[in-house]
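Numbered according to the numbering used here, the sequence shown spans residues 107 to 216. Single-structure report; data block below.
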Amino acid sequence: MEINTRKEKGVPLVSVKGRIDAVTAPDFEKDLSDLIASGEKTVLVNLGELEYISSAGLRSILATAKRLKAENGKMVFTGLKGPVEEVFKISGFYSIFTIFESEEAALNQL
């Protein structure tokens, strides 16, 4: 798994490439926790290059989202496609999270 973070319009944009599974989920969660600890309230996660997400990955997303919610923040997503999009639909994440078609659309609304 590869994680890249940059800021666009003052919003941290986290791009994830590869897989979020039992091995990589702790690293993913730590990176996002570090962002929250630095004072970020809104995080945009681009999963366009994510090939696979396991239940451990879903748990790390939920744990991070709970932490953000406690800080009056939110986590939003973009780039969902293929198997990752299916997992988000089946798991009910589409009803829990705000999901945008593109980074631009998300940044214009945040």
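Just so it is clear, CB atoms sit at the ideal spot from N, CA and C, and this is done for glycine as well.
Looking only at its chain, what residues have a beta carbon closer than 8 Å to the beta carbon of Val120, apart from the 5 residues adjacent to it on each side? Translated into positions along the sequence shown, residue 120 becomes position 14. Excluding sequence neighbours, Val120 sits near Ile109, Asn110, Thr111, Asp137, Leu138, Leu141, Val149, Leu150, Val151 and Asn152.
Sequence-distant residues of its chain with Cβ nearer than 6 Å to Gly154 (five each side left out): Your numbering for residue 154 matches position 48 in the sequence shown. For Gly154, where only same-chain residues beyond five positions count, the Cβ hits under 6 Å are Gly185.
Please report the straight-line C-alpha distance between Gly54 and Phe203, rounded to a whole angstrom. In the structure displayed, the chain extends from 107 to 216; residue 54 sits before or after that span and is not available.
To the nearest angstrom, report how far apart Glu192 and Thr170 are at their CA atoms. Numbered from its first residue, the sequence shown carries residue 192 at position 86. Numbered from its first residue, the sequence shown carries residue 170 at position 64. Taking the straight line from one Cα to the other gives about 21 Å.
If you draw a straight line from the alpha carbon of Met107 to that of Ser208, how long is it in whole angstroms? The residue labelled residue 107 in the question sits at position 1 within the sequence shown. The residue labelled residue 208 in the question sits at position 102 within the sequence shown. Going from the Cα of Met107 to the Cα of Ser208 covers about 21 Å.
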